[in-house]
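Student:
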Amino acid sequence: MSAETVATAPEKGPRHVALIMDGNGRWAERRGLPRVVGHREGVQALRRTIKAAPDFGIRCLTVFGFSTENWSRPADEVSDLMGLVRSFVGSDLKRLEAAGVRVRVLGRRKGLPADIAAIVDRAETQTAHNDRFLLQVAFNYGGRADLADAAQRLVDLARAGELSGDVTEEDLGLGLSTAGSPPVDLIVRTSGEQRLSNFLLWEAAYAELVFQDILWPDYGAEALGQAVAAFGSRERRFGGRDAVEDAAPEATTVKAAV
Ligand code: FPP
């Protein structure tokens, strides 16, 4: 499947794709290499995928970079992953900014090493004016933690007298770190594992799920095209009886950020 094939009918393709980039460790282990090499190759795969995404009509990519549970990995692997974020932002931010990409980082800032929190802030500030493509990187992110934070925000608003009446889906959605991004149409997980692992729990409500038997470091335009094609073959009904051609309903009524 080439990018052109799908690009001819982008309105039928997913606008917002979320990726669980799984299999870096296995990719390295199968080659007798340290896991960090798999993560490094994973960054390359991420670059290829970001580059290919607009050709498929995708306007927003959300990738799972580091979960709230990943802190339990050995210290040297955690440190390798932090190092990769430092170097990714250091080497790619200018190019992303020039390409019209807005970068947004989902998840808790609290708990991040101070320099990473500063890097993340810089990436967001420096690209805030862009609107051609939205790249959301979930980092120190957990779906349950994000929902807990959204609930806490409602409690704080209520205590301040700024929330009255029943809590709506929109009220809650506004407190999620994805607030303002387009609804998630497609969630892809690589490596053959078939679970969400605490990723985008709220946002997954009407997303199509595609599981691909490819390790993340091998990912790129071809595999993304296959995922987009699988999405195109699904009938989306959003709880109704008839197929709906358009994108998923907003989890919140906030207008799309891109
Ligand atoms: C899962 O593979 C992948 C991760 C935990 C991290 C993904 C990170 C990157 C692709 C690179 C850094 C990210 C950014 C945003 C620059 P795994 O280690 O769980 O693989 P395994 O299941 O085969 O062990």
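Quick note on numbering: the sequence shown equals residues 1 to 258 in the UniProt record's numbering. Virtual Cβ for every residue (Gly too), placed ideally from N, Cα, C.
Name the DSSP bridge partner or partners of T62?
Tutor: In the sequence shown, counting from the first residue as 1, residue 62 sits at position 62. Answer by DSSP bridge pairing, in chain order: A18, Q136.
Student: Should F133 be labelled buried (16 or more other beta-carbon atoms within 10 Å of its own) or exposed?
Tutor: Along the sequence shown, read from residue 1 onward, the residue named residue 133 stands at position 133. Its Cβ being crowded by 16 or more others within 10 Å, F133 is buried.
Student: Cβ of G25 within 8 Å of Cβ of R35?
Tutor: Translated into positions along the sequence shown, residue 25 becomes position 25. Translated into positions along the sequence shown, residue 35 becomes position 35. Yes, the pair counts as a contact, with Cβ atoms nearer than the cut-off.
Student: Where are the alpha helix (DSSP H) runs, 4 residues long or more, that stay fully inside the stretch 182 to 244, in chain order?
Tutor: Listed in chain order, they are 221 to 232.
Student: Distance, Cα to Cα, A123 vs R95?
Tutor: Taking the sequence shown and counting its residues from 1, one reaches residue 123 at position 123. Taking the sequence shown and counting its residues from 1, one reaches residue 95 at position 95. Straight-line Cα distance between these residues: approximately 12 Å.
Student: Per DSSP, R102 forms a beta bridge with which residues?
Tutor: In the sequence shown, counting from the first residue as 1, residue 102 sits at position 102. R102 pairs with L134.
Student: Would you kindly work out how many angstroms separate the C-alpha atoms of T125 and D242, rounded to a whole number?
Tutor: Here residue 125 refers to the residue found at position 125 of the sequence shown. Here residue 242 refers to the residue found at position 242 of the sequence shown. Cα to Cα, the separation comes out at about 42 Å.
Student: Can you tell me where the alpha helix (DSSP H) with D149 in it begins and where it stops?
Tutor: Position 149 of the sequence shown, counted from the start, is the residue given in the question as residue 149. Start and end: 143 to 159.
Student: Distance check for W202 and L174, CA to CA, integer angstroms please.
Tutor: The residue given as residue 174 occupies position 174 in the sequence shown. The residue given as residue 202 occupies position 202 in the sequence shown. Cα to Cα, L174 sits roughly 12 Å from W202.
Student: Any heavy atom of ligand 1 closer than 7 Å to the beta-carbon of W216?
Tutor: Counting from 1 along the sequence shown, the entry for residue 216 is found at position 216. Yes - ligand 1 has a heavy atom lying nearer than 7 Å to the Cβ of W216.
Student: Does D213 pass the burial test, meaning 16 or more other C-beta atoms within 10 Å, or should it be called exposed?
Tutor: If you number the sequence shown from 1, residue 213 lands on position 213. Answer is exposed; the Cβ neighbour count stays below 16.
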